[in-house]
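One point on numbering: in the UniProt record's numbering, the residue at position 5 of the sequence shown is 5, and numbering is uninterrupted. The C-beta atom is built at its ideal place from N, Cα and C for all residues, glycine as well. In this text the structure is predicted, and so the values were computed from the model without any measurement. A short write-up of the structure that comes next.
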Amino acid sequence: MPDADTLAHYRTLVKDTTIDGNTLLSTDYFNHFNEVIMLLSMLGDMPEMLDEIRAWHPKTYKQHFEGSGLGFAALAIDAYDHVPPEYRQPFDRVVEELDATIAEAVVALEAEQDSPEMLGFLATDYWQRLQKLVDRGSAIVHGATEQATLDQDAIDALF
Numbered sequence: 001m002p003d004a005d006t007l008a009h010y011r012t013l014v015k016d017t018t019i020d021g022n023t024l025l026s027t028d029y030f031n032h033f034n035e036v037i038m039l040l041s042m043l044g045d046m047p048e049m050l051d052e053i054r055a056w057h058p059k060t061y062k063q064h065f066e067g068s069g070l071g072f073a074a075l076a077i078d079a080y081d082h083v084p085p086e087y088r089q090p091f092d093r094v095v096e097e098l099d100a101t102i103a104e105a106v107v108a109l110e111a112e113q114d115s116p117e118m119l120g121f122l123a124t125d126y127w128q129r130l131q132k133l134v135d136r137g138s139a140i141v142h143g144a145t146e147q148a149t150l151d152q153d154a155i156d157a158l159f
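Given below as structure tokens:
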């Protein structure tokens with residue numbers, strides 16, 4: 001757990017960036033996942049997008065920012081090592097679930113690549129699942145605790 005002085009230091013440094021001043025995380029990381037969500041959303045009409053989905057590879061938070069070209073990328077990378085555990089642990093779990101869901105989607109979609117209807121159906125299911133995970137991750141970035149994100153999942157399940 002980062003000490004109070006370190007947290008205060010980083011919270012000052014992240015002002016005027018997209019890095020949350022409380023969690024020290026940035027939603028910009030989810031742009032990496034939004035790429036594959038967009039491709040999946042087009043797959044029903046454009047089955048050739050499956051090749052691009054296959055070519056997508058997971059990137060860690062730090063890898064994403066290393067290649068982002070963003071002015072605050074170095075700060076995002078450095079601050080990540082000081083994210084309080086109440087945010088870092090659920091954030092990392094969401095990222096693991098995103099990566100696993102995308103890998104699962106590729107296998108499922110490849111199995112149905114000769115059936116455009118099923119391909120579109122599966123792609124829609126996967127992009128919607130991924131979007132929910134990105135939404136959960138974004139909530140964590142902005143300070144939701146894991147319990148709050150689980151409560152939202154329970155609420156969603158009722159509908």
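Apply the 10 Å Cβ neighbour rule to phenylalanine 159 and answer buried if 16 or more other Cβ atoms are within range, or exposed otherwise. Residue 159 sits at position 159 when you count from the first residue of the sequence shown. Bear in mind that the predicted position of phenylalanine 159 carries a pLDDT of just 45, short of 50, making it too unreliable to give a figure here.
Would you check if the distance between the CB atom of histidine 82 and the CB atom of threonine 17 is smaller than 8 Å? As a first step, residue 82 must be located in the sequence shown, where it is residue number 82. As a first step, residue 17 must be located in the sequence shown, where it is residue number 17. Contact: no.
Cβ shell of leucine 109 (< 8 Å), same chain only, five flanking positions each side left out: On the sequence shown, position 109 is the one that residue 109 refers to. So the list reads Leu43, Leu50, Ile53, Leu119, Leu122, Ala123 and Tyr126, once near-sequence residues are dropped.
8 Å contact criterion, which isoleucine 140 and proline 90 should meet: CB distance rounded: For the purposes of this step, residue 140 is taken as residue 140 along the sequence shown, with counting starting at 1. For the purposes of this step, residue 90 is taken as residue 90 along the sequence shown, with counting starting at 1. About 5 Å; that satisfies the 8 Å criterion.
Anticipated Cβ contact below 8 Å, proline 19 with phenylalanine 72, distance rounded: As a first step, residue 19 must be located in the sequence shown, where it is residue number 19. As a first step, residue 72 must be located in the sequence shown, where it is residue number 72. Correcting the residue type first, residue 19 is isoleucine in the shown sequence and not proline. About 6 Å separates the beta carbon of isoleucine 19 from that of phenylalanine 72, a gap short enough to meet the 8 Å contact definition.
For the alpha helix (DSSP H) containing leucine 133, list its first residue and its last residue. Looking up residue 133 in the sequence shown gives position 133. Here the alpha helix (DSSP H) through leucine 133 covers 116–141.
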